[in-house]
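Encoded as structure tokens, the structure appears first; notes follow it.
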Ligand code: FAD
Ligand code: NAI
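In the numbering used here, the protein residues as written are 269 to 740.
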């Protein structure tokens, strides 16, 4: 008999959620995760809780308070004197948030009777996993009826700019700076570049974003991306498009980045450099090749729509498989796989995964944007409502941005909702529910939204789809 019904390899939002759901369904479950904190203690929650979603949002929150205190308090009549940032205190707060939440996962495991095994797991034939503990003193092999691989992802390292852990860093390094850099360079205009670039820029670093592509936020609706670019540039972020990295040189004090654009080669001198050029799946040393676990051309574990791999009883979820690298996508796949193992027939609706970029203001969307709908040859109507015409936005002093709703011309079914503005991350939830229930823009237009709230901008954008907004 196998040691467990299910072994989950990896304790991130994919893995730990899968393990809890398995346990809820009565399956004897173990979760193997190698991660330890700076004191060598096991730290569940994966990238997301330890060095991803949570610490980045903690720093974004601090940088937002700092920015507000400096630039917006005076308009409210709040006088503070000089506002300064204590980076050490900010970092301690961030670590406390991480500690609380990672400790919370350990408690949840104990409550649900999930066995947590600390160590590095390597897949063996016939659903066995060999585990080497952090101190490498102990090696054990466990077996299970089912295995869920949730080993996550790692930052891509560029040959031109190898990480040194101090001055040329990945996201983990940029989350842990001990001082505000005078000049920060960021390679990559994706989500991490924007979020962490914005943290340090708002705390006072002169920040330059080198974006390889010709378009800013290429996968975001063009109207929204244009507004974001304008606002961020006005706030002081130096965004350079079409900037191809040529070389990076380090001297005792400076980092010189050479890049090329349409006008030739340029040099940028910075004190610290964040390289945020994407992430790659952790499949290199999990024993995939030895047991014949199939990978796709980019190194992700190949899975079908139900996260089944080519090996019977072996599933894979989260960042280590195709699809967006998002915590909520990983978690939802974890739930679905657990339920499938327990004999249910769940489905993950990939078409309604919300995307959020947690800058200020935030950018959030679900479904397709105008450019994608045009490319798909779909006839659609668009309703846009600016926060500048929303009462609550004025009361809060957050009038930047807009809500944009796209619906199919013939049926009025909502095909995409795009929000740029304060609390967009929370507002997008309404749009996700609407799309899950196949709502029309008219449905949203007929729903009563509390006044005064930012959500009224969604209501008005839905009215605007039919050309009848009230407040503009
Ligand atoms: P992971 O979270 O990567 O967890 C995998 C775990 O498995 C890790 O703990 C790893 O150490 C462990 N592991 C790997 N190999 C082995 C092995 N062989 N043996 C034992 N253990 C192993 N997503 C969002 O949705 N919202 C956000 O706001 C957001 N912010 C982010 C900010 C940053 C800076 C970063 C880097 C990422 C962010 N993400 C965000 C992405 C999110 O963190 C990932 O999509 C998510 O963590 C993926 O979950 P996962 O369970 O697949 O893998
Ligand atoms: P990304 O894929 O969002 O952006 C990578 C950027 O780097 C792109 O602009 C790309 O053009 C550029 N790039 C790639 N190779 C390059 C090269 N050789 N030279 C110069 N530029 C290069 O990846 P990012 O920002 O590293 O984030 C990784 C993942 O983490 C994202 O896919 C995202 O899913 C997840 N994440 C999600 C967050 C959220 O949901 N709010 C926050 C942070 C990360």
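Idealized CB from N, CA, C, for every residue including glycine.
* **Contact set for residue 684: own chain, Cβ-Cβ below 6 Å, skip 5 residues either direction** => In the chain shown, counting from the first residue as 1, residue 684 sits at position 416. Contacts found: 635, 636, 637 and 674.
* To do: Check whether the Cβ of residue 324 sits closer than 8 Å to any heavy atom of the ligand NAI, and report yes or no.
  => Position 56 of the chain shown, counted from the start, is the residue given in the question as residue 324. Distances taken from the Cβ of residue 324 to the heavy atoms of the ligand NAI include one shorter than 8 Å.
* Distance cut-off 8 Å: residue 228 Cβ against heavy atoms of the ligand FAD -> Absent from the model: residue 228. The displayed extent of the chain is 269 to 740, so no value can be given.
* Asked: With 16 as the cutoff for other CB atoms within 10 Å, does residue 691 come out buried or exposed?
  -> As a first step, residue 691 must be located in the chain shown, where it is residue number 423. Classification of residue 691: buried, given that the 10 Å Cβ count is 16 or more.
* To do: Give a single yes or no on whether residue 301 has its beta carbon closer than 8 Å to a heavy atom of the ligand FAD.
  => Start at 1 with the first residue of the chain shown, and residue 301 comes out as number 33. Taking non-hydrogen atoms of the ligand FAD into account, the C-beta of residue 301 is found less than 8 Å away from one of them.
* **Where the alpha helix (DSSP H) containing residue 580 begins and where it ends** => On the chain shown, residue 580 is found 312 positions in, with the first residue counted as 1. Counting along the chain, residue 580 falls outside any alpha helix (DSSP H), and DSSP gives it neither H nor E.
* Asked: Rounded to a whole number of angstroms, what is the C-alpha to C-alpha distance between residue 725 and residue 345?
  -> Position 457 of the chain shown, counted from the start, is the residue given in the question as residue 725. Position 77 of the chain shown, counted from the start, is the residue given in the question as residue 345. Taking the straight line joining both Cα atoms gives about 28 Å.
* To do: Ignore the nearest five residues each way along the sequence and tell me which others in residue 680's own chain have a CB closer than 7 Å to its CB.
  => As a first step, residue 680 is located in the chain shown; it is residue number 412 there, counting from the start. The answer, listed in chain order, is 708, 709 and 710.
* Asked: Is any heavy atom in the ligand FAD found nearer than 8 Å to the beta carbon of residue 666?
  -> Numbered from 1 along the chain shown, position 398 holds the residue referred to as residue 666. Outside the cutoff, so no.
* residue 752 versus residue 587: straight-line alpha-carbon distance, rounded -> With the chain represented from 269 up to 740, any question about residue 752 goes unanswered, as that position is not in the structure.
* Asked: What did DSSP end up calling residue 474 once you bin it into helix, strand or coil?
  -> In the chain shown, residue 474 corresponds to position 206, counting from 1. The answer is strand: DSSP assigns residue 474 an E or B state.
* Inter-stretch contact (C-beta, 8 Å, three-pair minimum) for the segment 466-482 and the segment 314-329 -> yes
* **Span of the alpha helix (DSSP H) around residue 440** => Indexing the chain shown from 1 puts residue 440 at position 172. Note, residue 440: alpha helix (DSSP H), 439-442.
* Report the rounded CA-to-CA distance for residue 289 versus residue 504, giving the unit in angstroms. => In the chain shown, counting from the first residue as 1, residue 289 sits at position 21. In the chain shown, counting from the first residue as 1, residue 504 sits at position 236. Distance between the alpha carbons of residue 289 and residue 504: 45 Å.
* From 278, 397 and 595, residue whose alpha carbon lies closest to that of residue 271 -> As a position in the chain shown, residue 271 is number 3, starting the count at 1. The residue with the shortest Cα to Cα distance from residue 271 is 397.
* At a cut of 8 Å, does the segment 535-554 reach the segment 447-461 through at least three beta carbon pairs? -> yes
* Asked: With distances taken between CB atoms, is the gap from residue 315 to residue 280 smaller than 9 Å?
  -> Within the chain shown, residue 315 is the residue found at index 47, counting from 1. Within the chain shown, residue 280 is the residue found at index 12, counting from 1. Contact: yes.
* Quick one: what does DSSP say residue 281 is sitting in, helix, strand or coil? -> Within the chain shown, numbered from 1, the residue matching residue 281 stands at position 13. In the displayed model, residue 281 falls within a helix according to three-state DSSP.
* Asked: So does residue 388 have its beta carbon nearer than 8 Å to some heavy atom of the ligand FAD?
  -> Numbered from 1 along the chain shown, position 120 holds the residue referred to as residue 388. Yes; taking the cut-off as 8 Å, the Cβ of residue 388 has a heavy atom of the ligand FAD nearer than that.
* At least three beta-carbon pairs within less than 8 Å, the segment 663-670 to the segment 693-701 -> no
* **Enclosing beta strand (DSSP E) for residue 670 [first to last residue]** => Taking the chain shown and counting its residues from 1, one reaches residue 670 at position 402. Unbroken beta strand (DSSP E) run through residue 670: 670-676.
* Asked: At a cut-off of 8 Å, is residue 530 close to the ligand NAI when judged by its beta-carbon and the heavy atoms of the ligand?
  -> The residue you call residue 530 lines up with position 262 of the chain shown. Checking every heavy atom of the ligand NAI against the Cβ of residue 530, none is found closer than 8 Å.
* **Cβ-based burial, residue 350 [other Cβ within 10 Å; buried from 16]** => Along the chain shown, one-based indexing puts residue 350 at 82. Exposed.
* Asked: Of all the options 516, 309, 298 and 489, which has the alpha carbon lying nearest to the alpha carbon of residue 389?
  -> Within the chain shown, numbered from 1, the residue matching residue 389 stands at position 121. The residue from 516, 309, 298 and 489 with its alpha-carbon nearest to that of residue 389 is 298.
* Over the uninterrupted beta strand (DSSP E) stretch that includes residue 414, give me the two end residues. => The residue given as residue 414 occupies position 146 in the chain shown. First-last of the beta strand (DSSP E) with residue 414: 407-417.
* Compare the Cα-Cα distances from residue 387 to each of 521, 530, 335 and 302 and report the closest residue. => If you number the chain shown from 1, residue 387 lands on position 119. Of the candidates 521, 530, 335 and 302, the one whose C-alpha sits nearest the C-alpha of residue 387 is 302.
* Output the boundary residues of the beta strand (DSSP E) element that contains residue 383. => Looking up residue 383 in the chain shown gives position 115. It spans 383-386 - the beta strand (DSSP E) in which residue 383 sits, taken as one unbroken run.
* Neighbour-count burial assignment, residue 611, 16 or more Cβ in a 10 Å radius -> Here residue 611 corresponds to residue number 343 of the chain shown, with the count starting at 1. With fewer than 16 other Cβ atoms within 10 Å, it is exposed.
* Hey, quick one: how far does the alpha helix (DSSP H) through residue 537 stretch, first residue to last? -> Locating residue 537 in the chain shown gives position 269, counting from the first residue. No alpha helix (DSSP H) contains residue 537, which is instead part of the beta strand (DSSP E) from 532-538.
* DSSP on residue 342, reduced to helix/strand/coil? -> Working through the chain shown from its first residue, we reach residue 342 at position 74. Residue 342 falls in the helix class under three-state DSSP.
* Asked: Any idea what DSSP makes of residue 323, helix, strand or coil?
  -> The residue you call residue 323 lines up with position 55 of the chain shown. It is helical.
* **Sequence-distant residues of the same chain with beta carbon closer than 7 Å to residue 471, five excluded per side** => Working through the chain shown from its first residue, we reach residue 471 at position 203. So the list reads 331, 334, 353 and 448, once near-sequence residues are dropped.
* Pull up the CB-CB distance for residue 585 and residue 291, whole angstroms please, since I reckon it's below 8 Å. => Taking the first residue of the chain shown as 1, we reach residue 585 at position 317. Taking the first residue of the chain shown as 1, we reach residue 291 at position 23. Their Cβ separation, rounded to whole angstroms, is 16 Å, which puts residue 585 and residue 291 out of contact at 8 Å.
* Asked: Residue range of the beta strand (DSSP E) that residue 650 falls in?
  -> Indexing the chain shown from 1 puts residue 650 at position 382. 648-654 is the extent of the beta strand (DSSP E) around residue 650.
* Can you name, in chain order, every residue of its own chain whose Cβ lies under 6 Å from the Cβ of residue 727, other than the five neighbours on each side? -> Locating residue 727 in the chain shown gives position 459, where the first residue counts as 1. Listed in chain order, the non-local C-beta contacts of residue 727 below 6 Å within the same chain comprise 717, local neighbours out to five positions each way being set aside.
* Using three-state DSSP, classify residue 422 as helix, strand or coil. => The residue labelled residue 422 in the question sits at position 154 within the chain shown. The answer is strand: DSSP assigns residue 422 an E or B state.
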